[in-house]
Structures are given as structure tokens and as C-alpha cells.
Amino acid sequence: MSKRLLIVDDDNSMRSILQEALENDHYDVSTAKDGEMALRMIDKYSFDLVITDLKMPGINGLELMQQVRKHHPDLGFIFITAYGTVEAAVSAMHEGAFDFITKPFSISQIEARVERYFSVAELRTENRQLKEKLSLDQRFKKLVGTSSAFQKILHQIDIVSKSDVPVLIQGESGTGKELIASAIHENSDRKANKYLKVNCSAIPDTLFESTLFGHEKGAFTNAHKAHTGLFEEASGGTLLLDEVSEMPAVLQAKLLRVLQEGTITRVGSNKEITIDTRVIATTNRDINQIVHEGKFRSDLYFRLNVFPIEIPALRYRKEDIPVLVEHFLNNFRTKYNLQEKQVDPAVMKLFQDYHWPGNVRQLENILERAILYSMQSRDILPEHISFEAERDRGSQELLSDEIMSIPEMEKRLILKTLKKTRNNRTEAARLLGVSTRTLRNKLHQYEEEMGAPIEISDS
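Mapped onto the numbering used here, the consecutive letters of the sequence shown carry residue numbers 246 to 704.
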């Protein structure tokens with residue numbers, strides 16, 4: 246597309262000569278006879294460069310630039326000046342003009358200045374884009390990817406980090422939803438305050454309200470002391486609702502009220518408590534479909550979906566695989582003290598051809614397993630690669646994007662199994678392969694931690 250120039254001069258012949266010459270150089274040239282006309286044209290049309298006489302009746306060239314820069318700070322200016330006003334032209338350059346040319350001048354001189362302006366402008370644009378990319382890369386070191394889809398996500402994080410609006414992050418398991426939620430918090434004004442997480446699919450319905458909103462002493466059996474809920478505890482910071490699409494319907498209505506009014510009410514109390522908690526929600530399901538099926542409130546969806554971020558599956562951004570492999574490989578080199586370890590090109594070909602149902606998390610796991618298999622080899626070879634069969638989707642769904650300790654994983658598995666068996670302790674123990682006594686002891690431990698009972702049945 247041709248660059249658009251605006252020539253501003255009260256001399257008709259000067260305007261015509263410059264317009265003809267620069268149009269011959271394939272620029273799109275418009276003209277204005279004075280500063281007032283130029284202002285109107287700049288407000289109406291988009292220009293890349295203004296070439297203006299410095300001394301004109303009415304609004305002079307310097308005043309024109311000063312007014313234009315209020316709304317178009319990046320618009321370039323080249324001034325035409327007589328010898329006697331060179332000092333004023335130099336002052337204009339101090340205020341941001343690109344260059345000036347003194348009368349009389351040749352057409353080749355003005356052409357050279359225009360060409361130099363666009364060369365410099367192009368370099369500045371490239372430098373600005375590079376600085377922006379480096380800035381994003383430095384701020385989001387834990388997020389790795391070079392694809393256009395991934396860079397778009399980084400820009401979305403950069404934008405939404407500056408606000409307090411709810412964010413809904415959607416993506417398949419293993420795409421890194423929790424990492425993105427964490428990056429939003431860490432780059433926000435709330436970063437000095439708490440960042441708490443709760444997996445909505447792992448909490449029994451009977452504990453949901455107490456977990457999120459807290460309860461008062463004596464609110465129910467075994468509520469021996471007051472308990473602060475996650476919304477209250479995270480006030481001033483951020484609360485991540487992982488797998489929000491699994492939230493029970495009765496809690497959806499209460500969450501909607503919290504988002505609308507900014508208050509919570511503990512179980513067993515009528516007192517409203519004002520909170521300032523930023524909510525980030527994630528889901529690995531098609532939440533539009535769940536809303537359509539009536540399993541998730543549409544009004545809550547619209548409240549959470551103020552700023553949506555959708556993470557593409559790894560199979561749709563395979564150009565990120567090499568940088569992800571190098572990132573994970575660096576981590577494993579340090580972890581296992583294997584500084585010379587490399588990935589054979591044939592392995593990279595396998596990775597590019599694979600469909601990655603488990604996404605980035607699966608890539609990391611396969612690469613670490615290959616490290617262990619290849620301890621006696623300098624390179625990771627195709628025979629060291631073992632792609633996992635998706636035999637146990639239940640186990641995959643159990644894991645969120647966060648890294649968990651063994652006790653946390655055990656607790657999540659027990660609570661999820663109880664939920665699946667509708668709190669039937671005997672059946673849950675059978676599925677878990679433990680005795681009912683062991684399960685009972687674990688539940689007692691969790692009750693102490695949560696400050697609320699877990700209702701179970703022996704039926």
C-alpha cells in the first residue's frame with residue numbers, strides 16, 4: 246500500500262510541484278493550502294507524513310504540528326523553511342519534527358528526506374515490536390511459544406493484567422490454563438496479595454459453599470470454629486476457579502451474586518462481608534454447549550466471560566514444539582546434570598507428526614521419560630520415545646494444569662471418588678483399593694483441615 250503524504254503550503258505552485266514529483270515516486274499525495282485545512286484533513290483521513298511550510302498565515306507549521314501531536318503523536322513532520330527561519334525549524338526538531346529543508350531546494354533533496362523518513366520509521370517500528378516482544382518474553386518467562394496464536398495469548402495477558410475484570414480461560418487439559426492464570430495475577434497490581442486456587446471438580450457438593458464463602462462457628466454439626474472461605478481469604482488478590490463448569494447449580498447462583506455485588510455471606514450468618522477478589526475461571530469443556538444444555542447458567546457465563554482467553558491445543562500450533570522441547574530439555578539438563586543431552590532430529594519429526602491429545606503436559610512427560618531411558622546415550626533417539634495411550638481419561642481429567650504434591654493428589658482423588666459414589670464410603674473405599682478405616686481416617690484429617698464435615702453414607 247502506498248504511503249500517504251500531506252503537503253501543506255500557502256504557495257499554490259509549491260504544492261503542485263511537490264505533489265507531482267512525489268506522486269511520480271508512487272506516494273499517495275494530498276495537499277492543503279493552510280493549517281486550518283490541514284487539521285480538518287488529518288482529522289478525517291489517515292496520513293503517514295506531513296510536509297509543511299514553517300511560515301504560513303493563520304496556523305503556522307509549528308503550531309500545526311503541536312496541535313496534531315495531541316491526537317496523532319506518531320505522525321511525522323518535515324518542515325520547509327526559508328534561510329531566515331532556520332532557527333525556528335531547529336526548535337521544531339527539538340519538539341519532535343523529523344527534519345527540515347531550506348529554500349531553495351531541489352526535488353531530489355526533498356525525495357531523499359522523504360525516503361529517509363520512511364526508512365527510519367520502519368526501523369523504529371521494528372525496534373518497538375522487538376522491544377514489546379522482549380518485554381513480554383521477559384515478563385512471561387514461564388510461558389513458552391513463538392507461534393502467532395501463542396503471541397496473541399501473551400498480548401491478551403498483557404492487556405487483561407492491567408484490569409480487574411473476570412477472565413475465562415478455555416482449553417483442553419494440559420494446555421497450560423493454570424500457568425496463564427498465574428501469569429495474569431503476577432503481572433497485575435494484585436501480585437503482592439494472595440493468589441488462591443480451587444478445583445471445582447474435586448470438592449463434594451456439601452463442602453462447596455463452606456470452602457468458597459466460609460462458615461460461622463456452630464453453623465452445622467462439627468463446625469467448632471469459624472472458617473474463612475477462599476473468596477474472603479483472597480480479598481485484595483486473585484481466586485482461580487479451576488474447572489468452573491463443574492460447579493453445582495445452587496453454587497452458580499451464589500457465585501453470580503458475588504460477582505455482581507462484591508459481597509459474600511458465610512454459612513450460618515446473615516451478615517454480608519465486602520470483598521475485593523479478582524476471579525479467573527478455567528474450563529476444559531465446551532462451556533457454550535454446557536450453557537445450551539442448561540447445565541451452566543447463561544448469566545454467570547456472561548459475567549465470567551468478560552475477557553475470554555482460548556488456548557489452542559498443541560496440535561494446532563506445532564511450530565511451538567521446538568521451543569517447548571528446548572525449554573523442557575534445559576530444565577531436565579539441570580535436573581539430571583546432563584548438559585550435553587540433545588534431541589535427535591528424527592525425534593523432532595516424531596513430535597511434529599504426533600497429535601498430542603495431552604498437549605504440552607504430555608510433551609513434557611514424554612520428554613522427561615525419554616531422558617531417563619537415554620541415560621547411556623548422548624542423544625534422545627526415537628527408541629527412547631514412548632507415546633502414552635489415552636487409556637485412563639479419568640486420571641487425566643483428575644489432574645489440572647497445576648503441579649501437585651502427592652498428598653494433594655491423594656486428597657483430590659479421594660474427594661473426587663466420593664463425589665462419583667455420591668459420598669458412599671464403602672463403595673469409594675472399594676474403588677480406591679483401601680480399607681474403610683483408612684478412608685475414614687483420611688476424611689477425618691480433611692475435615693480438620695477444612696473445618697467442616699464431609700457427609701458420607703454407608704448404604
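Ideal Cβ placement from N, Cα and C applies to all residues, glycine included.
Taking DSSP as the reference, what is the three-state secondary structure of residue 661?
-> helix
Hey, how far is the Cα of residue 507 from the Cα of residue 524?
-> 11 Å
State yes or no: is the C-beta of residue 341 within less than 7 Å of the C-beta of residue 324?
-> no
Residues in its own chain within less than 6 Å of residue 321 by CB, not counting five upstream and five downstream?
-> Here the set comprises 294, 343, 362.
Who are residue 572's beta bridge partners in DSSP?
-> Residue 572 is not bridged to any residue.
For residue 276, is the classification buried or exposed, using 16 other Cβ atoms within 10 angstroms of its Cβ as the cut-off for buried?
-> buried
How far does the alpha helix (DSSP H) with residue 280 in it reach, from first residue to last?
-> 280-289
Nearest-angstrom Cα separation, counted from residue 671 out to residue 665 = 12 Å
If we ignore side chains and look at the alpha-carbon of each, how far apart do residue 718 and residue 283 end up?
-> Look at the range of the chain in this structure, 246 to 704, and you will see that residue 718 is not part of it.
Given 8 Å, three or more beta-carbon pairs between the segment 616-630 and the segment 587-594 | Contact annotation: the segment 616-630 touches the segment 587-594, with at least three C-beta pairs closer than 8 Å.
Among 449, 395, 272, 286, which has the Cα closest to the Cα of residue 662?
-> 449
Exposure label - residue 577; buried when at least 16 CB within 10 Å | buried
Could you spell out where the alpha helix (DSSP H) holding residue 517 opens and where it closes?
-> Taken as a continuous stretch (DSSP letters only), residue 517 belongs to no alpha helix (DSSP H), being part of the beta strand (DSSP E) at 517-519.
Nearest residue (CA-CA) to residue 393, options 571, 684, 559, 598 | 559
Output the distance between the C-alpha atoms of residue 655 and residue 432, rounded to the nearest integer angstrom.
-> Within the model, the alpha-carbon separation for residue 655 versus residue 432 is close to 32 Å.
What is the rounded straight-line gap between the Cα of residue 499 and the Cα of residue 398?
-> 30 Å
Residue closest to residue 519, alpha-carbon to alpha-carbon, out of 526, 527, 510 | 510
Tell me which same chain residues have a C-beta within less than 8 Å of the C-beta of residue 443, skipping the five on either side of it?
-> 456, 457, 475, 484, 485, 486, 487
Taking Cβ to Cβ, would you say residue 414 is nearer than 7 Å to residue 554?
-> Yes.
State yes or no: is the C-beta of residue 406 within less than 7 Å of the C-beta of residue 425?
-> One thing to note: residue 406 has its Cβ no nearer than 7 Å to the Cβ of residue 425.
Identified DSSP bridge partners for residue 555 | 415
May I have the straight-line CA-CA distance separating residue 327 from residue 386, to the nearest angstrom?
-> Looking at the two C-alpha atoms, the distance is approximately 54 Å.
7 Å Cβ cutoff met for residue 479 and residue 441 = Result yes, Cβ atoms of residue 479 and residue 441 sit closer than 7 Å.
Cβ-Cβ distance between residue 279 and residue 303 below 7 Å | yes
Contact check, residue 418 vs residue 604 under 8 Å by CB: the rounded distance?
-> So it is a contact: roughly 7 Å between Cβ atoms.
Is it buried or exposed for residue 288, if we count other Cβ within 10 angstroms and need 16 for buried?
-> exposed
Every unbroken beta strand (DSSP E) within the segment 254-283, with a cutoff of 3 residues, ordered by chain = DSSP runs (the beta strand (DSSP E)) wholly in the segment 254-283: 273-277.
Could you check which residue in 534, 543, 538 has the C-alpha nearest to that of residue 497?
-> 543
Limits of the unbroken alpha helix (DSSP H) element including residue 402 = 393-405
Using the C-alpha atoms, what's the distance from residue 569 back to residue 646?
-> Residue confidence is low: residue 646 scores 46 on pLDDT, short of 50, so the model does not pin down where it sits. Its coordinate-derived value is still stated next. Going from the Cα of residue 646 to the Cα of residue 569 covers about 16 Å.
To which residues does DSSP link residue 705 through a beta bridge?
-> Only positions 246 to 704 of the chain appear in this structure, which leaves residue 705 out of reach.
Where does residue 444 sit, in a helix, a strand or coil, going by DSSP?
-> In the structure shown, residue 444 sits in a strand (DSSP, three-state: E or B).
Excluding the five sequence neighbours on either side, which residues of its own chain have a C-beta within less than 6 Å of the C-beta of residue 512, listed in chain order?
-> 454, 455, 460, 464
In whole angstroms, what is the alpha-carbon distance linking residue 535 and residue 552?
-> Within the model, the alpha-carbon separation for residue 535 versus residue 552 is close to 19 Å.
Beta bridge counterpart(s) of residue 526 as assigned by DSSP = 413, 486.
What does a CB cutoff of less than 7 Å around residue 281 pick up in its chain, not counting 5 residues either side in sequence?
-> Once the five neighbours on either side are set aside, the close Cβ partners of residue 281 are 303, 304.
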